[in-house]
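Okay, structure first, notes after.
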Amino acid sequence: MKAILFSSDFAILDATTELERLVGKPAKDINFVIINEGFIPEKGDDNSFFVDGMHFIKHHFGNFYLLNLQAMPKEQILERIEKSDAFFCFGGTSGYLMKVLNESGLAEELPALLKDRVWCGSSAGSMVFGYAPSKKLSKDLWGGTEFEDKKDWGVDKYMEFAPVCILAHMYGGDLSADPHDFSVIKNSATMSVPVYALSDWSAVVVDGDDIKCIGEHWTKCNNGVIVENQK
Numbered sequence: 033m034k035a036i037l038f039s040s041d042f043a044i045l046d047a048t049t050e051l052e053r054l055v056g057k058p059a060k061d062i063n064f065v066i067i068n069e070g071f072i073p074e075k076g077d078d079n080s081f082f083v084d085g086m087h088f089i090k091h092h093f094g095n096f097y098l099l100n101l102q103a104m105p106k107e108q109i110l111e112r113i114e115k116s117d118a119f120f121c122f123g124g125t126s127g128y129l130m131k132v133l134n135e136s137g138l139a140e141e142l143p144a145l146l147k148d149r150v151w152c153g154s155s156a157g158s159m160v161f162g163y164a165p166s167k168k169l170s171k172d173l174w175g176g177t178e179f180e181d182k183k184d185w186g187v188d189k190y191m192e193f194a195p196v197c198i199l200a201h202m203y204g205g206d207l208s209a210d211p212h213d214f215s216v217i218k219n220s221a222t223m224s225v226p227v228y229a230l231s232d233w234s235a236v237v238v239d240g241d242d243i244k245c246i247g248e249h250w251t252k253c254n255n256g257v258i259v260e261n262q263k
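Quick note on the numbering used here: the sequence shown kicks off at 33 and runs consecutively.
Written out as structure tokens, the structure is:
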């Protein structure tokens, strides 16, 4: 599978060249479907970042089609996806986003759909592509609110399309400088896959078995140690 897993989005880290390579088309010919349902409705969080992300997509790529996974029938969802070359899934709460993907039926369709499309994610939209953080890692970083609330969301794992655990909005390249983010290093030993701690100026690019980080201020941890980083 192919993906660009941002901590933020194209507006902060322009990965247009990477997307052109993954899709095999020039930017202006790349059509997107957009998912923006990661925010828990009752929280009422500010969504103004969505405007910046959409502005970049509008002015750098081809057409885009909005998906409403909670209102549209699956047939209409798949019809819009058929017109696309790539997904862009904005962020929010990863457990809730995974719940929406499951209940809409899109999660079960994605393995086939992603054979010839690229998944681009922002924050939670990136996290759900890979493996969920372990309970210990989740608790240390967020008090368990992202994944230990799985009993509320009916979620027990993410999509696991690539052997990565993505952590968005981290200190990035020098985790040891931040007591909060330092827990990522030690708790990577509780994960079966490498953990990527991304600042908002970095992303993970997945091209089949080839996985790399781009941008600035990121760290890859595995088995309790830093494997690679860019400060």
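Just so you know, even glycine gets a beta-carbon here, dropped at the ideal spot from N, CA and C.
Enclosing beta strand (DSSP E) for residue 260 [first to last residue]: As a working mapping, residue 260 is identified with position 228 in the sequence shown. Counting along the chain, the beta strand (DSSP E) containing residue 260 begins and ends at 257-262.
Please classify residue 69: is it buried, with 16 or more other beta-carbons within 10 angstroms of its beta-carbon, or exposed? Here residue 69 refers to the residue found at position 37 when the sequence shown is read from its first residue. Classification of residue 69: buried, given that the 10 Å Cβ count is 16 or more.
Beta-carbon within less than 6 Å of residue 29's beta-carbon, same chain only, minus the 5 sequence neighbours each way: which residues are those? Any answer about residue 29 is impossible in this case: the structure gives the chain only from 33 up to 263.
Please state if the CB of residue 190 and the CB of residue 228 are separated by a distance shorter than 8 Å. Numbered from 1 along the sequence shown, position 196 holds the residue referred to as residue 228. Numbered from 1 along the sequence shown, position 158 holds the residue referred to as residue 190. Against a cut-off of 8 Å, the Cβ pair of residue 190 and residue 228 comes out as no contact.
Decide if residue 259 is buried, meaning its Cβ has at least 16 other Cβ atoms within 10 Å, or exposed. For the purposes of this step, residue 259 is taken as the residue at position 227 of the sequence shown. So residue 259 counts as exposed.
Go ahead and label residue 165 buried or exposed: buried means 16 or more other beta carbons lie within 10 angstroms of its beta carbon, across all protein chains shown. One-based indexing of the sequence shown puts residue 165 at position 133. By the neighbour-count rule (16 or more Cβ atoms within 10 Å), residue 165 is buried.
Which residues share a DSSP beta bridge with residue 119? Position 87 of the sequence shown holds residue 119. In the DSSP output, where bridge partners are listed per residue, residue 119 has 65, 151.
Minimum length 3: unbroken beta strand (DSSP E) runs contained in the segment 201-250: 227-230, 234-239, 242-247
If you count every other CB in all the chains shown that lies within 10 Å of the CB of residue 147, and 16 or more means buried, which is it? For the purposes of this step, residue 147 is taken as residue 115 along the sequence shown, with counting starting at 1. Its Cβ having fewer than 16 others within 10 Å, residue 147 is exposed.
Are the CB atoms of residue 47 and residue 235 nearer to each other than 8 Å? As a position in the sequence shown, residue 47 is number 15, starting the count at 1. As a position in the sequence shown, residue 235 is number 203, starting the count at 1. Taking 8 Å as the Cβ cut-off, residue 47 and residue 235 qualify as a contacting pair.
Cβ neighbour criterion (16 or more within 10 Å) applied to residue 208: Your numbering for residue 208 matches position 176 in the sequence shown. Exposed.
Could you pull out every unbroken alpha helix (DSSP H) segment of at least 4 residues lying fully inside the segment 121-148, listed in chain order? 126-136, 138-145
Would you kindly work out how many angstroms separate the C-alpha atoms of residue 180 and residue 171, rounded to a whole number? Indexing the sequence shown from 1 puts residue 180 at position 148. Indexing the sequence shown from 1 puts residue 171 at position 139. Since pLDDT at residue 180 reaches only 48, below the 50 mark, its modelled position is unreliable, and the value read off the structure follows with that caveat. About 8 Å.
Please name the residue, chosen from 111, 233, 38, that lies closest to residue 98 on a Cα-to-Cα basis. One-based indexing of the sequence shown puts residue 98 at position 66. The shortest Cα separation from residue 98 among 111, 233, 38 belongs to 111.
Grouping DSSP H, G and I as helix and E and B as strand, with all else coil, what is residue 51? Locating residue 51 in the sequence shown gives position 19, where the first residue counts as 1. Residue 51: helix per DSSP, three-state reduction.
Name the residue from 233, 143, 224, 261 whose alpha carbon lies nearest to the alpha carbon of residue 167. The residue labelled residue 167 in the question sits at position 135 within the sequence shown. It is 224 whose Cα lies nearest to the Cα of residue 167.
With distances taken Cα to Cα, identify the nearest neighbour of residue 213 among 157, 133, 231. Taking the first residue of the sequence shown as position 1, residue 213 is located at position 181. Taking only the C-alpha atoms, the option nearest residue 213 is 231.
Is the beta carbon of residue 254 sitting closer than 8 Å to the one on residue 220? Taking the first residue of the sequence shown as 1, we reach residue 254 at position 222. Taking the first residue of the sequence shown as 1, we reach residue 220 at position 188. For residue 254 and residue 220, yes; Cβs fall inside 8 Å.
Under the three-state DSSP convention, the category residue 35 falls into: Within the sequence shown, the letter at position 3 stands for residue 35. If DSSP states are grouped into helix, strand and coil, residue 35 belongs with the strands.
Taking the alpha-carbon positions, what's the residue 252 to residue 198 distance? Counting from one through the sequence shown, the residue named residue 252 turns up at place 220. Counting from one through the sequence shown, the residue named residue 198 turns up at place 166. Distance between the alpha carbons of residue 252 and residue 198 is about 10 Å.
So, with DSSP's three-state summary, where would you put residue 314? Any property of residue 314 remains undetermined from this structure, which presents the chain solely from 33 to 263.
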